[in-house]
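**Student:** One structure is given below, represented as structure tokens, and several questions about it will come after.
Residue numbers (full-length UniProt numbering): 1 to 299.
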């Protein structure tokens, strides 16, 4: 019988989830509470080097190797091809969070499909090479996550319609506009969601439709006149692999981090478990993506 924190390919497991402090702007307190495990979205860890963070980065790389090794050994078939159907993980472990009637601090891992657990970013779907981090750095579990992601990561920056310069603050933009010192450059407006599009997206919040249709409506607002691809994804082996690894990590995060910290030598400055896990997951995802790309090239 599986222990509370032991992943089993055939037995649903109960596990207590850690509580993180991260919230998403404009997503409401309830949705933020439901998404505590999305702390791993933080892209600031994506390019951390050993020299920059010392022991934390080194330990995260060690933990990432452990996580990825366990994931690959558990997955008898990684499925890095083009098929996006049912996976070994969907059939062998369930990831839907349900209250445990015997323990109010625990959840039962349930069994929806990959496409019920994850929502793709429209920017990534349209231009995968340019928005690769939307897949590898952001764990979007539902439409509320997606809307928060679009608001935070894809808002169009302030820009000058004459010269095309972009600005990090409204104050800098106003100073530039008032100076009237630039010349026309013919540049196209920068990518991103405009104020008008933001307003239209907000109007969708009260729309009671399926999440597939809601996603289509979001696409039509962001990319008017561009035919929307059909959902659901994943549409490639890389997307399938990343989503499966995220589900595996959701079930096993506590155990991996706890076991790793217990076995390591004590240090004067102990790492923050949340930061360690976040960085390790990002490293594991990057290495998994490279492995999938290599497999596709070899195939």
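C-beta: ideal position from N, C-alpha, C; glycine also.
#1: Tell me the rounded alpha-carbon separation between residue 117 and residue 189.
#2: According to DSSP, residue 159 sits in a beta bridge with which residue or residues?
#3: If I measure Cβ to Cβ from residue 273 and keep anything under 6 Å in the same chain, skipping five residues before and after, which residues do I get?
#4: For residue 67, which option in 254, 124 and 131 has the closest C-alpha, if you only look at C-alpha atoms?
#5: Between residue 63 and the rest of its own chain, which residues show a CB-CB distance below 6 Å, the 5 nearest in sequence each way excluded?
#6: Check the DSSP bridge columns for residue 193 and list the partner residues they point to.
#7: Tell me whether residue 118 sits in a helix, a strand or coil according to DSSP, three-state version.
#8: Evaluate residue 290 with the Cβ neighbour count: other Cβ atoms within 10 Å of its Cβ, from every protein chain shown; 16 or more gives buried, anything less gives exposed.
#9: Could you tell me how far apart the beta carbons of residue 204 and residue 211 are, in whole angstroms, since I believe they sit closer than 8 Å?
#10: In the structure shown, what three-state DSSP assignment does residue 262 receive?
#11: By the three-class DSSP mapping on this structure, what secondary structure does residue 225 have?
#12: Counting only the same chain and skipping the five closest in sequence on each side, list residues whose C-beta sits under 7 Å from that of residue 134.
#13: According to DSSP, is residue 75 helix, strand or coil?
#14: Measure the CB-CB distance between residue 276 and residue 59 and report whether it falls below 8 Å.
#15: Looking at the structure shown, is residue 273 part of a helix, part of a strand, or coil, going by DSSP?
#16: Could you tell me the alpha carbon to alpha carbon distance between residue 162 and residue 209, rounded to whole angstroms?
#17: Taking DSSP as the reference, what is the three-state secondary structure of residue 132?
#18: Is it the case that the Cβ atoms of residue 158 and residue 170 are separated by a distance below 8 Å?
#19: My guess is that residue 192 and residue 137 are in contact by the Cβ rule of under 8 Å, so how many angstroms apart are they, rounded?
#20: Apply the 10 Å Cβ neighbour rule to residue 292 and answer buried if 16 or more other Cβ atoms are within range, or exposed otherwise.
#21: In whole angstroms, what is the alpha-carbon distance linking residue 270 and residue 236?
#22: From residue 130 to residue 75, what does the alpha carbon distance come to, in whole angstroms?
#23: Assuming residue 146 and residue 119 make a contact with CB atoms under 8 Å, what is their CB distance in whole Å?
#24: Quick check on the burial criterion: 16 or more other C-beta atoms within 10 angstroms. Buried or exposed for residue 109?
#25: Quick one: grab the DSSP three-state call for residue 61.
#26: Does residue 248 come out as helix, strand or coil in the three-state DSSP assignment?
#27: Would residue 221 pass as a contact of residue 197 if the rule is Cβ separation under 8 Å?
#28: Given a cut-off of 8 Å on the beta-carbon distance, is the pair residue 219 and residue 228 in contact?
**Tutor:** This is what the structure holds:
#1: 34 Å
#2: Beta-bridge pairing by DSSP links residue 159 to 166.
#3: 257
#4: For residue 67, the closest of 254, 124 and 131 by C-alpha to C-alpha distance is 254.
#5: Within the same chain, residue 63 has close Cβ partners 260 and 280.
#6: 155
#7: coil
#8: exposed
#9: Going by Cβ atoms, the distance from residue 204 to residue 211 rounds to 11 Å, so no, they are not a contact pair.
#10: helix
#11: coil
#12: 121, 123 and 124
#13: coil
#14: Taking 8 Å as the cut-off, the beta carbon of residue 276 is found closer than this to the beta carbon of residue 59.
#15: The answer is helix: DSSP assigns residue 273 an H, G or I state.
#16: Straight-line Cα distance between these residues: approximately 40 Å.
#17: coil
#18: yes
#19: That pair is no contact at about 18 Å.
#20: Under the 10 Å beta carbon count, residue 292 is surrounded by 16 or more other beta carbons and is classified as buried.
#21: 39 Å
#22: Spanning the alpha carbons of residue 130 and residue 75 requires a straight line of approximately 29 Å.
#23: That pair is a contact at about 5 Å.
#24: Annotation note: pLDDT 39 at residue 109 (below 50); position unreliable, coordinate value reported separately. Classification of residue 109: buried, given that the 10 Å Cβ count is 16 or more.
#25: The answer is helix: DSSP assigns residue 61 an H, G or I state.
#26: helix
#27: yes
#28: yes
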